Amino acid sequence: MTMSKLTATPGQTVGPFYGYALPYEKDRELLAPGSPGSIRLQGTVFDGAGHPIPDAILEIWQPDADGNIVRRTGSLVRDGYTFTGFGRSAVGNTGVYTFTTVNPGPTEPGAAAFISVAVFARGLMNRLFTRVYLPEDQEALAKDPLLSSLDPERRKTLIARRDADGGLTWDIRLQGDGETVFLDFEGTGTEGASQ
Amino acid sequence: MPDDVNLATYNADALTEDLSDAAPAASGTAPQAVPAEVPRVETQQDLSAEIKALGDAYARALKDGAPKETQPRLDFAPYRSSILRHPTKSLHHADPETIELHSPAFGHQDVHALESDLTIQHNGEPQGERIIVAGRVLDGDGRPVAGQLVEIWQANSSGRYIHKRDQHPAPLDPNFTGVGRCITGPDGSYRFTTIKPGAYPWKNHLNAWRPAHIHFSLFGTEFTQRIITQMYFPGDQLFPLDPIYQSIVDQDARDRLVATYDHDLTQPEWALGYNWDIVLTGSKRTWTENEALGAEGDDHE
Numbered sequence: 004m005t006m007s008k009l010t011a012t013p014g015q016t017v018g019p020f021y022g023y024a025l026p027y028e029k030d031r032e033l034l035a036p037g038s039p040g041s042i043r044l045q046g047t048v049f050d051g052a053g054h055p056i057p058d059a060i061l062e063i064w065q066p067d068a069d070g071n072i073v074r075r076t077g078s079l080v081r082d083g084y085t086f087t088g089f090g091r092s093a094v095g096n097t098g099v100y101t102f103t104t105v106n107p108g109p110t111e112p113g114a115a116a117f118i119s120v121a122v123f124a125r126g127l128m129n130r131l132f133t134r135v136y137l138p139e140d141q142e143a144l145a146k147d148p149l150l151s152s153l154d155p156e157r158r159k160t161l162i163a164r165r166d167a168d169g170g171l172t173w174d175i176r177l178q179g180d181g182e183t184v185f186l187d188f189e190g191t192g193t194e195g196a197s198q
Numbered sequence: 280m281p282d283d284v285n286l287a288t289y290n291a292d293a294l295t296e297d298l299s300d301a302a303p304a305a306s307g308t309a310p311q312a313v314p315a316e317v318p319r320v321e322t323q324q325d326l327s328a329e330i331k332a333l334g335d336a337y338a339r340a341l342k343d344g345a346p347k348e349t350q351p352r353l354d355f356a357p358y359r360s361s362i363l364r365h366p367t368k369s370l371h372h373a374d375p376e377t378i379e380l381h382s383p384a385f386g387h388q389d390v391h392a393l394e395s396d397l398t399i400q401h402n403g404e405p406q407g408e409r410i411i412v413a414g415r416v417l418d419g420d421g422r423p424v425a426g427q428l429v430e431i432w433q434a435n436s437s438g439r440y441i442h443k444r445d446q447h448p449a450p451l452d453p454n455f456t457g458v459g460r461c462i463t464g465p466d467g468s469y470r471f472t473t474i475k476p477g478a479y480p481w482k483n484h485l486n487a488w489r490p491a492h493i494h495f496s497l498f499g500t501e502f503t504q505r506i507i508t509q510m511y512f513p514g515d516q517l518f519p520l521d522p523i524y525q526s527i528v529d530q531d532a533r534d535r536l537v538a539t540y541d542h543d544l545t546q547p548e549w550a551l552g553y554n555w556d557i558v559l560t561g562s563k564r565t566w567t568e569n570e571a572l573g574a575e576g577d578d579h580e
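Read top to bottom, the protein sequences are chains A and G. Note that the first sequence covers residues 4 to 198 in the working numbering. Note that the second sequence covers residues 280 to 580 in the working numbering.
#1: Per DSSP, which residues does D180/A bridge with? Please list them.
#2: Say whether chain B places a C-beta atom closer than 9 Å to the C-beta of K8/A.
#3: For I378/G, does the three-state DSSP call read helix, strand or coil?
#4: Can you check whether the C-beta of L417/G is within less than 9 Å of a C-beta belonging to chain A?
#5: Straight-line CA distance for F188/A to A163/A?
#6: Which value, in whole angstroms, describes the spacing of the CA atoms of D396/G and P112/A?
#7: Near H401/G, which residues of its chain fall below 6 Å by C-beta distance, leaving aside the five closest residues on each side in sequence?
#8: Does the contact criterion of 3 or more C-beta pairs under 8 Å hold for the region 454-464 of chain G versus the region 530-547 of chain G?
#9: According to DSSP, simplified to helix, strand and coil, what is T160/A?
#10: By the criterion of Cβ-Cβ separation under 9 Å, what are the contact partners of A449/G in chain A?
#11: Could you name the residues of chain G that E111/A contacts, counting a contact when the two beta carbons are closer than 8 Å?
#12: In chain order, what residues of the region 81-97 of chain A put their CB closer than 7 Å to some CB of chain G?
#13: Distance check for Y479/G and E329/G, CA to CA, integer angstroms please.
#14: On the DSSP bridge assignment, give the partners of Y540/G in chain order.
#15: In the DSSP assignment, what residue or residues form a beta bridge with A124/A?
#16: Measure how close the beta-carbons of D389/G and V80/A come, nearest whole angstrom, since I'm counting them as under 8 Å.
#17: Does the distance from the C-beta atom of I63/A to that of S92/A stay below 9 Å?
#18: Less than 8 Å between the CB atoms is what I'm expecting for T377/G and T110/A, so what's the real figure, rounded?
#19: Quick test of your reading: Q45/A and Y100/A, contact by CB under 8 Å. State the CB separation rounded to the nearest angstrom.
#20: Against chain G, does N129/A count as a neighbour if the rule is that its beta carbon must be under 9 Å from one of theirs?
#21: Using the three-state DSSP reduction, which class does P423/G fall into: helix, strand or coil?
#22: At a Cβ cut of 7 Å, what residues of the region 419-443 of chain G count as close to chain A, listed as they run along the chain?
#23: From the beta carbon of G14/A, is the nearest beta carbon of chain G less than 9 Å away?
#24: So, at 6 Å on beta carbons, what are the nonlocal neighbours of I523/G in its own chain, with the 5 sequence-adjacent residues on each side left out?
#25: With distances taken between CB atoms, is the gap from E394/G to L25/A smaller than 9 Å?
#26: So what's I72/A in DSSP terms, helix, strand or just coil?
#27: Can we say the region 116-124 of chain A touches the region 51-63 of chain A, given the rule of at least three CB pairs closer than 8 Å?
#28: Under 8 Å Cβ-Cβ, which residues of chain A neighbour D389/G?
#29: Looking at C-alpha atoms only, which residue of A425/G, V424/G, P448/G, Y540/G is the closest neighbour of A434/G?
#30: For E321/G and W488/G, I'd like the C-alpha separation in whole angstroms.
#31: Spatial neighbours of R319/G within its chain, please: C-beta separation below 7 Å, excluding the five flanking residues on both sides.
#32: Excluding the 5 residues flanking W549/G on each side, which residues of the same chain have their C-beta closer than 8 Å to its C-beta?
#33: Look at T472/G and I411/G and say whether their C-beta atoms are less than 9 Å apart.
#34: Can you list, in chain order, the residues of its chain whose CB lies under 7 Å from that of P310/G, leaving out five sequence neighbours each side?
Here it is as structure tokens:
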């Protein structure tokens, strides 16, 4: 890891009024819904009282179905054909977000396939990073460096459920029972949750 | 740009004012008219005392050798909406892997050059003080973040957001939406022309006002560098009173969110200039020579 020389600018909450700024047309459609290979990724964002949060916004960033990291522009103005790997979905009144995407492929042979997620919300002081893993490849999940470093109870929070129609369901709990595992990539401890 | 605002999306969400569950809805009702059984309205003094206690505790911890904090506390009770929305478990340390070491690519297909001027989105001139906000986006090693997306949004000059749930009885400006985007240059530079936003009243507590601010959303060359933050203006008297700004308990860290007035950026008889550089977290990936030269993220199709 490179030693940082400059101190990062602090984050701040996304606030309540991103709704006319961050969403854009087809923001949650990495693929056109119903197109071959497309799946639904859906879930609810909950607060510490177990209530859905109606003012959160999520971003996903993922490899394509073959595990390639795509380097194509066009996430903000989708041409309908190019898979860019990036999507953004504000939740609705009931705290539900929805993406149309593909099952990500493993980026290395035998690796567990996952989607990288950033979570923003009113009342959330800084963005949170997490991952959502595909549930199928038990062998890959078992040897995943992140998952194997977690207690079984916490590990579950990062693995999506496969629905009968092929979609994925994955809820996010910001606090409390079943609190989602959120990630610190800096290793400095300066982004700790509770002081 | 205003024609591009997706009203279906924007009107479909259920955003509410920043409103503590404890605070009554502001309706112009004088505090003395609140019935006695309603919990006492929290005042600025109450909140300022809480903020001061947390600041004092941090100062003592620093003295005792605790490390300086550089980011906001996720758990900062004076911002009432954070109470149920912060993780109580420590963030789990992880080494970023594969996809996390790269970032989505944005380019000129995504953003038109005119989107960086928030004053030309309608037929007329917006009200207020025209300003230029410019600076550079750097990573933690001081490398420019080239060809990446910067998004901003803000209130108008009277402190009103165009959002439908903003009920602040200040005028909307038909010539100002308050949304802009740009792609950083090869040297990491960005530049917006806009209107200085007004202070904004909210309902965290009685007589709560946000310092004037512009929301900034930034991408780095790695997804782990993703950040959304707020830029403030120098000398704002509301800084000590604001629970969101004060959620960063370290003064040096807070100062990093405050732009500098820059007379070299100011244009004669046109606009005042503010400079604000943004530093993302350090890069975790081994860079290729092309990337180090700033080629990444540009349109390369």
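Built from N, CA and C at the ideal position, the CB exists for glycine as well. No experiment lies behind these values; they were computed from the predicted model shown.
Reading it off the structure:
#1: Beta-bridge pairing links D180/A to no other residue.
#2: Although the question refers to chain B, the structure presented lacks it and instead comprises the protein chains A and G.
#3: helix
#4: yes
#5: 22 Å
#6: 46 Å
#7: N454
#8: no
#9: helix
#10: Here the premise fails: no neighbours, minimum Cβ distance about 14 Å.
#11: T377
#12: T87, G88, F89, A93, G95, N96
#13: 21 Å
#14: Y553/G
#15: A59/A
#16: 5 Å
#17: yes
#18: 4 Å
#19: 7 Å
#20: yes
#21: strand
#22: G419, D420, G421, E430, W432, Y440, I441, H442
#23: yes
#24: Y358
#25: no
#26: coil
#27: yes
#28: T76, G77, S78, L79, V80
#29: P448/G
#30: 14 Å
#31: none
#32: R409
#33: yes
#34: Because P310/G sits at a pLDDT of 49, beneath the cut-off of 50, its placement in the model cannot be relied upon, and the following sentence gives the value as read from the coordinates. The residues are V320, L485.
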